Every structure is written in C-alpha cells, then in structure tokens.
Amino acid sequence: MKATIYPAALSGDIPAIASKSQAHRLLICAALADTDTVVRCATLSADIEATADCLRALGAKIARTDDAFFVEPIRSLPEKAVIDCGESGSTLRFLLPVLCALGVDTTFVMHGRLPERPLSPLWEELERHGARLSRPTRDTIAVSGSITGGGYTLAADVSSQFISGLLFSLPLVGGGHIALTGTLESASYIEMTVRALARFGVAARFTEGAYDIPAQAGYVSPGDVTVEGDWSNAAFWIAADRILGGTLNITGLDPDSPQGDRAVEKASLRIAAGSAVIDCRDIPDLVPVLSVLAAVSPGQTRFINAGRLRIKESDRLATTAALLTALGGQVEELPEGLNVTGVSRLSGGEVDSANDHRIAMSAAVAALACDAPVILHGAQAVNKSYPAFWTDYRRLGGRVVLEEEP
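Offset between the sequence shown (1-based) and this note's numbering: plus 1011.
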C-alpha cells in the first residue's frame, strides 16, 4: 500500500494503544495458568494476534471481545502442533522454550525476516537440556523432546527475549537457574516478564547475575489483568509533539511502567534541546523516530550502542539512514549507530518502509517537518503493531491518501 502524506499540523488528544510487549506476556501466562483469566487489552495488532493464535493451537480457548481476551488455559496438550508466529520475534522466542518444556512435537512457521533473526545461544541451551531442534526449511523450525529444569547459561547481551522465554518455561519443569554472562541489555523487557510472572504467582528472583525460578513455582491466575498503555508506539506521537511544539496530549501511559521505552520523554527533550548523545542499549526500538526528531533539531545527535537494530524487521540502522537521506536529512550510518545532524526543515520525497512498522510510522512523523509530501511505499507495515495508526493520524489532522499498489 502506498501512502502520500502531506505536510500538516496535528493536534488533539491521543490515547496510547495497548502494550504489545505486555500483551504477549500476559496471554502466555494466562494460557499456562490453573484457571480462566480475563486479559483486558483495548487494542490489537498482528503480533498480539499471532501469540493468541499460537496459544489456541496448543489447546487454550481464547475468545475476543471489543476490549478483552477471555482465556481458558490449556487443559490437554495436542500430540503435535503447528504454530504460525507470523513475523513476531517475541512470539517465537517466548514460545520456543515453552514448547520445549511442554514436550509437544511442534513445527514453528515464520514469515518475513523472522527466519533470519538469530536463535543462538538459546537454541544450544535448549538442546543441551534435552530438546531436539532442526530447520527442515528456511521458514520452519521442528521441535521434539523436552527440556529439564536446572541450570542454564545465556549471554546477556544477545536478546532479552531469550531470557524471557526461559523464564516462562522453567515453572513448567520444576524451576531452574539462568546464569547470565556479559552486560545485560534491554533489562526493562526482562523486568516486564518478571512482573507478568509475579501477577500469576511465579516469583522470579534476580541475584548475583542470575535468575532463579523456585521448584514449587506454578502459574496461578489472578482472574483479571489489564494490559497497560504502550510507550513504544506512543513514542511516535511524543516525537511528533516535540516537532510541532506541544499540540498533542498523549493519554493512558503509566510513568512508573517497567517499559524501558518510557525513556522517550527524557530522550526526546534532550534531542530537541540540541547535540545529544543517546545510548540505545536499552531503547533500540526508539531509534527510528528519535532520529527523525534529531533530523530537525539543533546540532548533532549521536545514537550509540545500537548494533542490534541490524537484526530487526529490517536493518533499522540502514533503513533509518535511507529514510532521512531520501527526505533531505543529514545522517551518517555507523556500524553500531547513527550520527544525525539537524536541519531546519526536511524536503519531502519517496521512501520505502522495508516492511518495517517503525520505519513506516517514522516516515509519517517526518512528514510533519517536510516542505513537500512524503510518498511511502509499504504503508501497511503499521499493522504489525498499530493497525489504527493511519486512522489516528487523520483524526489528529494529518493529511494522508492511501492507495493499493500493484
């Protein structure tokens, strides 16, 4: 789908959508719990639906209303299962250890760039503990056997999702210990997992560089849980508000949330003030939209420790640099980051989302600072995390024409 986005001013109230990251976690816990759970989730996305569909394939009964999921947990496991993760890295990396713990012969199906995203060293740790994994095709993973509890070791700087996946799985095999090596990155996402587990009666403890799940741990439903507002997607409106000078009111966000992307408020203020250095170790998903803000802010903004962006839905260092360059921005792409030098206005131009939702939404924010329209190819990429984005953009006064492409 092609979007032609005309320069315009946005204004008004915009409620934050439900946190995709938290929805994944609460749905998995609910499906593994002892009794039914209402998971209140006001909005949907392709990734959230992928996790719900995978859990249904394992035997959970999940019904959707306008603003909630009603989850009957898994009572009886299938002998074999095929679960389609779509393009959701969280779905795959959370459920791979869970399926290894449950002992179900499973075929994971992957789409888009998901087959290219790394699974090592999680893969080797699961095999070391009794699982059998293989890649029958580029787009599938076959799992059989089952893992045991006990001691696991993971590098802390590869993916927090690996650690979260093991944390979900260990209550199913009598508990265990996850020792971490190296510098922990995206710690806030692991904290989200720990808090989700705690709401379902599982006490994960972190001491001396390791997580412990006690042997008696099991999932106990609290009955009713609510998915909080999403700082990650609210970041697009926060950056837009900085560019526009304070015309938007973003509601429904918890300032005390464990979500690391709540750092967008302070980071965006620093960038708007000029010549900031942004350490992206714990906030990699914010780089595309904060780079747009930096492109029209004073001085040079340096984004450092962002190398993991190269293995996201797109190579986000390359695609963010391409976006800014196409629109008349000044950017230097580095192996582990970006240097963005601000200009007064962007020119407009033609860009491609690279099927990456964050690049697509960043292009829409960039259009607010352009002198001519932005023509965006692959505008449907927003469906991955924020299907109502273009509707909300228009409601706030944005001017966008959507057309199907051949």
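Glycine included, C-beta positions come from ideal geometry on N, C-alpha and C. A quick note: this is a predicted structure, and the numbers were derived from the prediction, not measured.
Excluding its 5 nearest sequence neighbours in each direction, L1088 has C-beta neighbours in its own chain below 7 Å: L1069, G1070, L1113 and V1115, listed in chain order. In the three-state scheme derived from DSSP, where H, G and I count as helix and E and B as strand, E1361 is classed as strand. Nearest Cα to R1356 within the set A1377, L1345 and L1328: A1377. By the CB criterion at 8 Å, R1124 and Q1172 fall outside the cutoff. With a cutoff of 8 Å on beta-carbon distance, E1276 and I1249 are scored as near each other. Rounded to the nearest whole angstrom, the CA to CA distance from M1012 to V1393 is 11 Å. Per the C-alpha coordinates, the member of A1207, V1050, P1309 and F1314 positioned closest to L1297 is F1314.
Collapsing the DSSP output to three states places C1040 in a helix. Under the criterion of beta carbons closer than 8 Å, G1360 and A1390 do not qualify as touching, at roughly 15 Å.
In the three-state scheme derived from DSSP, where H, G and I count as helix and E and B as strand, H1122 is classed as coil. With a cut-off of 8 Å on Cβ pairs, the region 1344-1354 is not in contact with the region 1366-1376, counting fewer than three such pairs. Judged by beta-carbon spacing, Y1163 lies within the 8 Å limit of I1189, meaning their Cβ atoms are closer than that value. When DSSP states are grouped into helix, strand and coil, R1146 belongs to the coil group. If you ignore the 5 residues before and after G1310, its C-beta comes within less than 7 Å of the C-beta of G1285, S1286 and G1353, all in its own chain and listed in chain order. Taking the Cβ atoms as the reference, G1271 lies roughly 3 Å from S1199, within the contact range of under 8 Å. In this structure, I1201 keeps its C-beta atom at 8 Å or more from the C-beta atom of L1379. Assignment of G1271 by DSSP, reduced to helix, strand and coil, places it in the helix class.
Separation of R1406 and P1398 (C-alpha to C-alpha, rounded to the nearest whole angstrom) is 14 Å. A Cβ-Cβ distance of about 15 Å is found for the pair K1031 and D1064, leaving them out of contact under the 8 Å criterion.
When C-beta atoms of the region 1209-1228 are compared with those of the region 1254-1266, fewer than three pairs fall below 8 Å, so the two segments do not count as touching. If the five residues before and after P1026 are omitted, its C-beta is found closer than 7 Å to the C-beta atoms of T1262 and G1263, all from its own chain and listed in chain order. Per DSSP, the continuous beta strand (DSSP E) segment holding Q1311 begins and ends at Q1311 to I1315. Contact annotation: L1133 and L1110 have beta-carbon atoms that are not nearer than 8 Å.
Secondary structure of L1349 (DSSP, three-state): strand.
Residue range W1242 to L1255 is occupied by the alpha helix (DSSP H) that includes F1247. Under the 8 Å Cβ criterion, the region 1222-1237 counts as touching the region 1037-1048, having at least three qualifying pairs. Contact between T1204 and S1175 holds, with the beta-carbon distance rounding to 4 Å and staying under 8 Å. Per DSSP, H1388 lies in no alpha helix (DSSP H) segment; the continuous beta strand (DSSP E) that holds it begins and ends at V1385 to H1388. Along the region 1026-1094, the beta strand (DSSP E) occurs as fully enclosed runs of 3 or more residues at 1048-1051, 1072-1075 and 1079-1083, listed in sequence order.
The C-beta distance from T1330 to A1305 rounds to 16 Å, too long to meet the 8 Å contact threshold. Scanning F1211, T1194, Q1227 and L1195 for the CA closest to the CA of G1185 turns up Q1227. Taking each of I1016, A1029 and A1019 in turn and checking the Cα distance to A1245, the smallest one comes out for A1029. Contact between G1408 and L1066 does not hold, since their C-beta atoms are separated by about 39 Å, which reaches or exceeds 8 Å.
In the three-state DSSP reduction, E1343 falls in the strand class (E or B). K1323 and L1137 have their alpha carbons spaced roughly 23 Å apart.
The alpha carbon of T1194 has as its nearest neighbour, out of I1073, A1167 and F1179, the alpha carbon of A1167.
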